[in-house]
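Following: one structure in structure tokens, then a few remarks.
In our numbering, the protein residues as written are 1 to 150.
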């Protein structure tokens with residue numbers, strides 16, 4: 001394969017999927033009008049249909065956000081009569097080390113200025129659910145992309 005390397009965070013519309021050489025490829029274009037510009041390896045892309053992103057707020061005076069590896073782990077916490085009793089041990093474990101069962105990652109301890117250290121948390125899918133306690137909350141499936149990853 002040849003062609004120009006695409007800059008990180010480039011946005012394309014996907015027009016076709018194909019398998020070649022034991023890899024998945026996607027045919028892309030710059031807009032929704034059907035003009036295509038070439039093929040990219042699917043492994044180098046993030047399938048982002050919603051065009052919504054998240055950004056961290058200042059973590060002062062609140063608990064840091066946790067990212068769960070599996071949706072069912074998060075759902076079991078939200079469905080519990082006392083979610084805090086399930087979350088507290090995870091937070092304690094994360095304070096001791098960087099690993100807790102079922103937790104993929106946690107929000108950075110200090111505020112990140114996106115102007116100085118750019119990152120992107122694309123929302124890949126989302127759903128509003130009701131907790132056992134009767135509160136509405138959102139379960140989001142996000143990816144993490146930073147300039148350092150590019």
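All C-beta atoms in this analysis are idealised placements derived from N, C-alpha and C, irrespective of residue type, glycine included.
Taking the Cβ atoms as the reference, residue 96 lies roughly 18 Å from residue 67, outside the contact range of under 8 Å. When the alpha-carbon of residue 120 is set against those of 14, 54, 49, 18, the nearest one is in 54.
When C-alpha distances from residue 3 are compared across 22, 15, 38, the shortest belongs to 38.
The DSSP-derived three-state label of residue 107 is coil. For residue 80, there is no enclosing beta strand (DSSP E), as DSSP marks it with neither H nor E.
Sequence-distant partners of residue 81 (beyond 5 residues in either direction) whose C-beta falls short of 6 Å from its own C-beta, in its chain, are 132. Bounds of any beta strand (DSSP E) do not take in residue 48, whose DSSP letter is neither H nor E.
Looking at the DSSP output, residue 53 bridges to 122. Per the coordinates, the alpha-carbon of residue 33 lies some 14 Å from the alpha-carbon of residue 11. Counting along the chain, no beta strand (DSSP E) covers residue 112, and no H or E run does either. For residue 103 against residue 124, the beta-carbon gap comes to about 19 Å, at or over 8 Å, which does not count as contact.
Here DSSP, grouped into helix, strand and coil, assigns residue 28 to strand.
Beta-carbon to beta-carbon, residue 28 and residue 46 are separated by about 13 Å, too far to satisfy the 8 Å threshold.
Under the DSSP assignment, residue 141 falls in the beta strand (DSSP E) whose first and last residues are 136-142.
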